[in-house]
Amino acid sequence: MTGHRPGDGINRWRNASPAVPARDNGSMAEHTQLIDAINIRTSIRSYDPDPIDDDTARQLDMTIDAVNMLADAHIQLVRDQPAVFADANASGHLNNAANYLAVVGPKDDGARERAGFYTERVVLAATLRGLGTCWVGGSWDRSKAARHCRLSAGEELYLGVVIGYPERHFDRMAKSYTELAAMRDAHRESKTYEQFTAPMSDEARAAAPDWFKAGVQAAMKAPSAMNRQPIVFSYNPDDDTAAAMIDPNVESGQALNDLGIAKLHFQIGAGSGTWAWGDGGLFIHR
Ligand SMILES: Cc1cc2nc3c(=O)[nH]c(=O)nc-3n(C[C@H](O)[C@H](O)[C@H](O)COP(=O)(O)O)c2cc1C
């Protein structure tokens, strides 16, 4: 456990009142808040062949540098290495996948949660720039991917995130925020709000504050390995805190990474506040 808490400094990147979802039908260019990114993000598996240009790469690298300092991680953007995805591209599971975020960090469990939290922060920044992403644990050649990374002693490559311009991205960018949000809502199954708050009674759910409900709703939109959604939340009215737990009934080899991702989404949905790291870590809203 490091001295800082998840989200320390993260408000630096946020606009005011992110808990209020934008409701207009305007173009994506008007949508710059992280909550908007959560509302339109889906995993993208088909990409246009266009490379990520230097300017966009520089901007992503700036976000990655800031995130690496907070995360004590070593996330890296690797461009133009389609051989890493040769099998998945050949089978049609992915199309034109060529660039990735290499999720590199120290070999310890806590680091995996932090990596999930902060890499997803980069994913949401990329989404607001019109880029598509897809976390990958299986659909790549990890050892080939590692050859393009800088790995210091004691570090490993945990996971990747494919990144690039989604197929027909100009058409996609021309869609309104409302259309993109509707596409996200329809694109996959999700566990229900009740399942996400399984430790709570119906009465406790009804009495929970709006920030908690908004946090859970944002976490329901988070990516998770094989869409297993292994995280549950509860609200404790005695001390006005939320807790996030890994559901022991869900089998997932990536639960710590998914815990970090879900915590980031919850924090953005809740509007403000910070998490303590770890399974069962508490969220203090302020
Ligand atoms: C840790 C992790 C690993 C993943 N690995 C893969 C993968 O190897 N191949 C793939 O197609 N999708 C992968 N995904 C994407 C999930 O399948 C996807 O997030 C989930 O189905 C929910 O869909 P959504 O991201 O569109 O909301 C992974 C996601 C996470 C968080």
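To convert a position in the sequence shown, counted from 1, into the numbering used here, add 2. Glycine included, every Cβ here is placed at the ideal spot set by N, Cα and C. No experiment lies behind these values; they were computed from the predicted model shown.
Near ligand 1: residue i beta-carbon under 7 Å from a heavy atom
| i | result |
| --- | --- |
| Val252 | no |
| Arg174 | no |
| Trp137 | yes |
| Thr58 | no |
| Ser2 | There is simply no residue 2 to check, as the chain begins at 3 and stops at 288 in what is shown. |
| Gly140 | yes |
| Asn41 | no |
| Thr121 | no |
| His76 | no |
| Arg81 | no |
| Gln256 | yes |
| Asn97 | no |
| Arg190 | yes |
Candidates the options, of which the one nearest residue i by Cα
| i | options | result |
| --- | --- | --- |
| Pro51 | Gly112, Trp137, Ala148, Leu133 | Leu133 |
| Gly107 | Asp173, Ser154, Ala206 | Ser154 |
| Lys265 | Arg174, Arg47, Met222 | Met222 |
| Phe268 | Pro250, Asp110, Ala224, Trp279 | Ala224 |
| Asn251 | Arg174, Arg230, Ile46 | Arg230 |
| Ser48 | Ala92, Val125, Asp55 | Ala92 |
| Cys151 | Cys136, Leu103, Met185, Phe198 | Leu103 |
| Ile248 | Pro201, Gln219, Pro211, Ala209 | Pro201 |
| Pro289 | Ala73, Ala206, Ile54, Thr194 | Past the boundaries of the shown model lies residue 289; the chain is included only from 3 to 288, so the question cannot be answered. |
| Glu115 | Leu72, Gln61, Ala99 | Leu72 |
| Ala99 | Val163, Asp74, Leu130, Arg174 | Val163 |
Whether residue i touches residue j by CB criterion (8 Å)
| i | j | result |
| --- | --- | --- |
| Val86 | Leu161 | no |
| Ser141 | His95 | yes |
| Leu159 | Ala147 | yes |
| Ala128 | Asn41 | no |
| Trp279 | Gly112 | yes |
| Gly283 | Ala246 | yes |
| Asp143 | Asp89 | yes |
| Ala244 | Phe285 | yes |
| His33 | Glu157 | no |
| Ala208 | Pro239 | no |
| Ile165 | Thr135 | yes |
| Ala1 | Ser254 | No answer is possible for residue 1: the residues shown for the chain start at 3 and end at 288. |
Nearest-angstrom Cβ-Cβ length linking residue i and residue j, presumed shorter than 8 Å
| i | j | result |
| --- | --- | --- |
| Asp63 | Leu79 | 6 Å |
| Asn101 | Asp82 | 7 Å |
| Arg287 | Gly271 | Residue identity differs from the one stated: residue 287 is His in this sequence, not Arg. Not a contact, Cβ separation roughly 11 Å. |
| Arg43 | Leu126 | 7 Å |
- request: Say whether the stretch 250–265 touches the stretch 109–124, bearing in mind that this needs 3 or more beta-carbon pairs closer than 8 Å, one atom from each stretch.
  value: yes
message: Closer than 8 Å is the cut-off here; do at least three beta carbon pairs connect the stretch 177–190 with the stretch 209–216?
response: A contact between stretches requires three or more CB pairs, one per stretch, nearer than 8 Å, and the stretch 177–190 fails this requirement with the stretch 209–216.
- request: Determine contact between the stretch 235–248 and the stretch 168–179, defined as no fewer than three beta-carbon pairs at a distance below 8 Å.
  value: no
- prompt: For the stretch 35–47 against the stretch 60–74, are there 3 or more C-beta pairs whose distance is under 8 Å?
  reply: The stretch 35–47 makes no contact with the stretch 60–74: fewer than 3 CB pairs, one atom from each, lie closer than 8 Å.
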